[in-house]
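Each remark here refers to the structure printed beneath this line.
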Amino acid sequence: MEVEVKLRLPDSSAHQKVLSLLSPYHTKTHHQRNAFFDGACGELRTRRAVLRLRFYENLENVKCMVCLKGKATIIDGVSRVEEDEEELDSKIGYECVANPSKLMEVVCLDDSRVLRRAKEEFHVGEEGFIGLGGFKNVRNVFEWNGVELEVDETMTMILIIAIQKCQSLLLSGPESCLSLRQRWYPISKA
1 MEVEVKLRLP DSSAHQKVLS LLSPYHTKTH HQRNAFFDGA CGELRTRRAV LRLRFYENLE
61 NVKCMVCLKG KATIIDGVSR VEEDEEELDS KIGYECVANP SKLMEVVCLD DSRVLRRAKE
121 EFHVGEEGFI GLGGFKNVRN VFEWNGVELE VDETMTMILI IAIQKCQSLL LSGPESCLSL
181 RQRWYPISKA
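Following the UniProt record's numbering, the numbering of the sequence shown begins with 1 at its first residue and continues without gaps.
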C-alpha cells in the first residue's frame, strides 16, 4: 500500500525555501502532464474513482502511465487510495487526450488492462469516456531519512500551486506519515 501525505505550501517563496532546504537530497526531477477522464455519464466520479493519463515529458522517449484510482478516504490528513497503473504507448496516450473516445478503442483492442477495468468495473457505457482537463507539474524528488519526498510545482491555466507530497512504502504505516506531517506542520487543537 502506498501512503501519501499532501501538504499545500502557502506561496511560491515557501516552495523555493523547501526546495532549497532539501536540495542536498535531490535525486531526480520529472516534468509531468496529467489528463483526467470520467465516463460520459459520470460513472467513475459517482463511485469516487478517477482515470488519469500521466506523461513523463522530460525523457527522450516520453513515457505514459494510465492510472485508475478509487475508493479514496482521507482521515486526519492521511489518504488511502486503491491504485492500479500500467504503461501505455505515449502516442496512443496523446491521441486519447486529444480525442477521449479513443480510450474505448483501446479497451476494444484489449491494449490496456487498466482501461478495460475502468470500463467493466465502473460500467462505463457505450458513450465512452470524456476528458475532464488536466495540468502540468514539475516534480522534484528527494530521498530524506529513508522517505521519498516529492515537491510539486503545479501549473494550471489560472494559478501556480506548490504542493509538497510525502510518500513512502518504507514507513511503517499511515500513522508514521501523520506523525511526520504533524512534526513539520503542527495542527492546533484549539
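Here a beta-carbon is modelled for each residue, glycine too, at the ideal position from N, C-alpha and C.
- [ ] Count the CB pairs spanning the segment 117-131 and the segment 85-93 that are closer than 8 Å, and state whether there are at least three.
- [x] The answer is no - the segment 85-93 does not touch the segment 117-131, with fewer than three Cβ pairs under 8 Å.
Task: For ALA35 and GLY133, the rounded distance between their alpha carbons - done: One Cα belongs to GLY133, the other to ALA35, and the distance between them is close to 6 Å.
Task: Identity of the residue in VAL106, GLU153 and GLU143 nearest VAL66 by Cα - done: VAL106
TODO: Under 7 Å Cβ to Cβ from ILE130, same chain only, skipping five residues before and after it: list those, please.
DONE: PHE37, ASP38, ALA40 and PRO100
Task: C-alpha gap between GLU83 and TRP144, whole angstroms - done: A straight line joining the alpha-carbon of GLU83 with that of TRP144 spans about 24 Å.
Open item on the list: Do HIS15 and LEU7 have their beta-carbon atoms positioned less than 7 Å apart in this structure?
Closed with: no
Open item on the list: According to DSSP, simplified to helix, strand and coil, what is LEU7?
Closed with: strand
Open item on the list: Run through the DSSP bridge pairs and tell me what PHE135 is partnered with.
Closed with: ASN34
- [ ] Inspect the beta-carbon positions of LEU21 and PHE122 and report whether they are closer than 7 Å.
- [x] no
TODO: With a threshold of 16 other CB atoms inside 10 Å of the CB of ASP152, please say whether the residue is buried or exposed.
DONE: buried
Open item on the list: Looking at the strands, I want to know which residues DSSP matches up with TYR56.
Closed with: GLN32 and LYS63
Open item on the list: Whole angstroms are fine: how far does the CA of VAL147 sit from the CA of ARG47?
Closed with: 31 Å
Task: Enclosing beta strand (DSSP E) for VAL97 [first to last residue] - done: First-last for VAL97: 90-98, but that is the alpha helix (DSSP H), not the beta strand (DSSP E).
- [ ] Can you give me the Cβ contacts of ILE158 inside the same chain, cut-off strictly under 6 Å, excluding the 5 residues immediately before and after it?
- [x] With a pLDDT of 34 at ILE158, under the threshold of 50, the predicted position of this residue should be treated as unreliable, and no value is reported.
Task: Buried or exposed (CB count within 10 angstroms, at least 16 for buried), ALA98 - done: With fewer than 16 other Cβ atoms from the protein chains shown falling within 10 Å of its own Cβ, ALA98 counts as exposed.
Open item on the list: Restricting to Cα atoms, I'd like to know which of ILE92, ARG80, LEU53 and PHE55 is closest to GLY70.
Closed with: ARG80
Task: Close-in-space but distant-in-sequence residues of the same chain around ILE160 (CB under 6 Å, 5 per side omitted) - done: Any answer about ILE160 is weak, because its pLDDT of 33 lies below 50 and its placement is not dependable; what the coordinates show is given next. Excluding sequence neighbours, ILE160 sits near nothing in its chain.
Task: Backbone secondary structure at GLN80 - three-state DSSP - done: Looking at the sequence provided, one finds Arg at residue 80 rather than Gln. Strand, per DSSP.
Open item on the list: Could you pull the DSSP bridge partners for LYS69 from this structure?
Closed with: LYS69 is bridged to VAL50 and GLU83.
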